[in-house]
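S.K.: Protein chains in written order, with the numbering used here: chain A, 11 to 152; chain G, 221 to 377. By construction, the Cβ of each residue, glycine as well, lies at the ideal position given by its N, Cα and C atoms. I have a structure I would like to understand better, so I am pasting it below and will then ask my questions one at a time.
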């Protein structure tokens, strides 16, 4: 009996590191999605909603910091691409700016930037569950 | 992809008619895809103005709301146009997802206008963000897909 052994070149694909990135992204997305809902409740008269909005806003940058670490691990040693880490660094700064403008009550920046942050986090979370996120750097280049 | 039922050199009338219909569909497909891409792009750009104007309004400039309102109403019009073009593209060989997603976006936009006028911000703000995300995602998706060489096969029986 002959067994067919396929000798593919050994490529390192992210697996465990991808799952940690996915879990971080889900947590991040859940917190971020809560923000516009809470803001909407506050603006329609529910005064307590702003305390939750403020406390989530004051802590969500920590989740972004954890996400920088998991995205870097996804890159190395995971073998995935680097851009998720770079995008997360941008997100981290954006969330700080967002926090500042929130406390300054400058909504001309706070509302559009908030929209952009929500879209970016949700898009990253969706991306992480698509087959392309499983690819190694070398495979993704092709 | 079904193999052609007739060898290519057969010149039976039915085969020629099928060939003609396919060519016609392909030309409509190409003619519908370009406007669909344009209208989806315009839709995405216009909807990005809405959170900016809403923020400026919340800062105290009442004039921003006088721009937020007509843009919101025109977005419904753009949504209707996108639905028509997406339907034409789907019927000539495109994907059914295009009109389906557009229909969902349009329904969301109508609801969004209603919630805006009735000042129900607990719905208006999260729904608004979802609509911005959905519209941008649709525009990116339709502009990224490569144009396939042939539309869905229609084989004459």
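Could you tell me which chain G residues have their CB closer than 7 Å to the CB of residue 120 of chain A, listed as they occur along the chain?
M.R.: Those are 275, listed as they occur along chain G.
S.K.: Would you give the residue range spanned by the alpha helix (DSSP H) that residue 163 of chain G belongs to?
M.R.: There is simply no residue 163 of chain G to check, as chain G begins at 221 and stops at 377 in what is shown.
S.K.: Mind checking residue 134 of chain A: buried by the 16 CB within 10 Å criterion, or exposed?
M.R.: So residue 134 of chain A ends up on the buried side.
S.K.: Below 7 Å between beta carbons is the criterion; list the residues of the segment 275-296 of chain G that meet it against any residue of chain A, in chain order.
M.R.: Of all residues in the segment 275-296 of chain G, 275, 276, 278, 279 have a Cβ within less than 7 Å of some Cβ in chain A.
S.K.: Might you give, ordered along the chain, the residues of its own chain that have their beta carbon closer than 7 Å to the beta carbon of residue 359 of chain G, omitting 5 neighbours on each side?
M.R.: The answer, listed in chain order, is 260, 261, 263, 264.
S.K.: Contact between the segment 87-94 of chain A and the segment 118-126 of chain A: three or more CB pairs below 8 Å?
M.R.: Counting Cβ pairs under 8 Å, fewer than three are found: no touch.
S.K.: Check each residue of the segment 87-115 of chain A: if its Cβ is closer than 7 Å to any Cβ of chain G, include it; give the result in chain order.
M.R.: Residues: none.
S.K.: Any beta carbon from chain A within less than 8 Å of residue 356 of chain G's own beta carbon?
M.R.: Closer than 8 Å: yes.
S.K.: Of all the options G/302, G/312, G/334, G/308, which has the alpha carbon lying nearest to the alpha carbon of residue 322 of chain G?
M.R.: Ranking G/302, G/312, G/334, G/308 by Cα distance to residue 322 of chain G puts G/302 first.
S.K.: Please report how far the alpha carbon of residue 61 of chain A lies from the alpha carbon of residue 48 of chain A, in whole angstroms.
M.R.: Using only the alpha carbons, I get a separation of about 9 Å.
S.K.: Quick one: is residue 290 of chain G buried, meaning 16 or more other Cβ sit within 10 Å of its Cβ, or exposed?
M.R.: By the 10 Å Cβ count, residue 290 of chain G comes out exposed.
S.K.: Going by CA-CA distance only, name the one from G/277, G/300, G/328, G/354 that's closest to residue 53 of chain A.
M.R.: Of the listed residues, the one whose Cα sits closest to residue 53 of chain A is G/277.
S.K.: Within its chain, find whatever has a CB closer than 7 Å to the CB of residue 76 of chain A; leave out the 5 residues flanking it on each side and keep chain order.
M.R.: Only 34 meet the Cβ criterion.
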